[in-house]
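Shown next, in structure tokens, is the structure this report addresses.
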Amino acid sequence: RLDVARNQLVVTDEPDDLLQADFKINRVNWLSEKPQVQELMVQIRYNSKPQKVAELKLQKDSAWIKLEKPARAITPGQSAVFYRKDELLGGGIIV
57 RLDVARNQLV VTDEPDDLLQ ADFKINRVNW LSEKPQVQEL MVQIRYNSKP QKVAELKLQK
117 DSAWIKLEKP ARAITPGQSA VFYRKDELLG GGIIV
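Below is the structure:
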């Protein structure tokens, strides 16, 4: 896992060391109005299961996301894509 804020690359053989519950995205783009947290899901990796969002703090072109359960290896540079059920709401780039 890359920790940009601390300028660290985390290499481990312990899977739990790669778990993370919150992250930030930039270059946020919403396809319609900004969403409410209720029933909001975020997919952080192609072919991964969407995760339930517990908290969402929106700024001008960025957002801070807290997941209900930690996810494995949330990696800067990947896309975070938001859904409500099967409806695509928008997304951004993980930083």
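If you want this note's numbering, it's the 1-based position in the sequence shown plus 56. Here a beta-carbon is modelled for each residue, glycine too, at the ideal position from N, C-alpha and C.
- [ ] Could you tell me which residues DSSP pairs with I130 in its beta bridges?
- [x] Within the sequence shown, residue 130 is the residue found at index 74, counting from 1. Partner(s): none; I130 has no beta bridge.
Open item on the list: Just to confirm before moving on: does the CB-CB distance between V129 and V98 stay below 8 Å?
Closed with: Taking the first residue of the sequence shown as position 1, residue 129 is located at position 73. Taking the first residue of the sequence shown as position 1, residue 98 is located at position 42. As written in the sequence, residue 129 is Ala, which differs from the Val given in the question. Contact: no.
Task: Whole-angstrom C-beta distance between I121 and D59, which should lie under 8 Å - done: If you number the sequence shown from 1, residue 59 lands on position 3. If you number the sequence shown from 1, residue 121 lands on position 65. Approximately 17 Å separates the beta-carbon atoms of D59 and I121; this is outside 8 Å, ruling out the contact.
Open item on the list: In this structure, how does DSSP classify L87 when only helix, strand and coil are distinguished?
Closed with: Numbered from 1 along the sequence shown, position 31 holds the residue referred to as residue 87. In the three-state DSSP reduction, L87 falls in the coil class, being neither helix nor strand.
TODO: Whole angstroms is fine: what's the gap from D72's alpha carbon to A110's?
DONE: Numbered from its first residue, the sequence shown carries residue 72 at position 16. Numbered from its first residue, the sequence shown carries residue 110 at position 54. Straight-line Cα distance between these residues: approximately 20 Å.
- [ ] Sort out for me which residues DSSP pairs D59 with in a bridge.
- [x] For this step, residue 59 is matched to residue 3 along the sequence shown. Answer is Q64, bridged to D59.
TODO: Please report the residue range of the beta strand (DSSP E) in which K105 lies.
DONE: Walking along the sequence shown from the start, residue 105 turns up at place 49. Segment: none, K105 is in no beta strand (DSSP E) and carries neither H nor E.
Task: Neighbour-count burial assignment, Q92, 16 or more Cβ in a 10 Å radius - done: Position 36 of the sequence shown, counted from the start, is the residue given in the question as residue 92. By the 10 Å Cβ count, Q92 comes out exposed.
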